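K.L.:
Input: one structure, supplied below.
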Amino acid sequence: MRKLLAFFIAAALLSSCQTADDALTTSSTPVGVTGPAASAIAGDMASRLAEQIGPAGATTTIKMETDTSEFASALEAALEGWGYTVVTDGKVAKDVKPVELAYAIEGFDGQVLVQVSTPSIAFGRAYTPTAAGATPASPLSIMQRN
């Protein structure tokens, strides 16, 4: 458990690092998150995002990098289920300023650490994947950016 806590703290500290152009980093390749586990984690992350950035409105567009993984598809579907418009091809209308979303998934000691980031907030949580889905294995960690 101490290793998990140390990893989680290190990940939170490193997540505050930004590239020289102050852009978000691209998503990492998901590690072992498929089927029901991907759906359960994506659903939880989408609901946490909705809590942090507010309810979806007619002008709320989320921009994600194109990714064909099961987790990316599940996250897109979960966000759309919350009413957000999700753009993965980079084509956004001129008058729309999308919320850029990046995520990272890392495996550690049989658990999965998931982090979701926007330019203003980053949050993460560890999960234990099961055949029926996934259960949170840590509290939600939230970092506000200014």
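Read in order, the letters of the sequence shown are residues -20 to -1, 1 to 126 in mature numbering (1 follows the signal peptide of the UniProt record, and there is no 0).
We put the beta carbon where it would ideally sit given N, CA and C, even for glycine.
Given the structure is predicted, the values throughout are model-derived calculations rather than measurements.
Out of V72, E86, G87, which one is the CA nearest neighbour of E80?
P.N.:
V72
K.L.:
From T110 to Q91, what does the alpha carbon distance come to, in whole angstroms?
P.N.:
10 Å
K.L.:
Going by C-alpha distance, which of I21, P16, G15 is nearest Y83?
P.N.:
I21
K.L.:
To the nearest angstrom, report how far apart W62 and A52 are at their CA atoms.
P.N.:
Rounded to whole angstroms, W62 and A52 show a C-alpha spacing of 15 Å.
K.L.:
Ordered along the chain, which non-local residues of its own chain (more than five positions away) have a Cβ less than 6 Å from that of S27?
P.N.:
Nothing listed; no residue qualifies.
K.L.:
For T14, which residues from the same chain have a beta carbon less than 6 Å from its beta carbon, with the 5 sequence-adjacent residues on both sides left out?
P.N.:
E50
K.L.:
By DSSP's criteria, S19 is part of a beta bridge. Which residues make up the other side?
P.N.:
Beta-bridge pairing links S19 to no other residue.
K.L.:
Going by beta carbon distance, what residues of the same chain come within less than 6 Å of A106, once the five residues before and after it are set aside?
P.N.:
Listed in chain order, the non-local C-beta contacts of A106 below 6 Å within the same chain comprise Q91, L93, A117, S118, local neighbours out to five positions each way being set aside.
K.L.:
Taking the C-alpha atoms as reference points, what is the distance between S97 and I33?
P.N.:
11 Å
K.L.:
Check M25 in the structure and name its three-state DSSP category.
P.N.:
helix
K.L.:
Work out the CA separation of A17 and A112 for me, nearest whole Å.
P.N.:
The alpha-carbon atoms of A112 and A17 are separated by roughly 7 Å.
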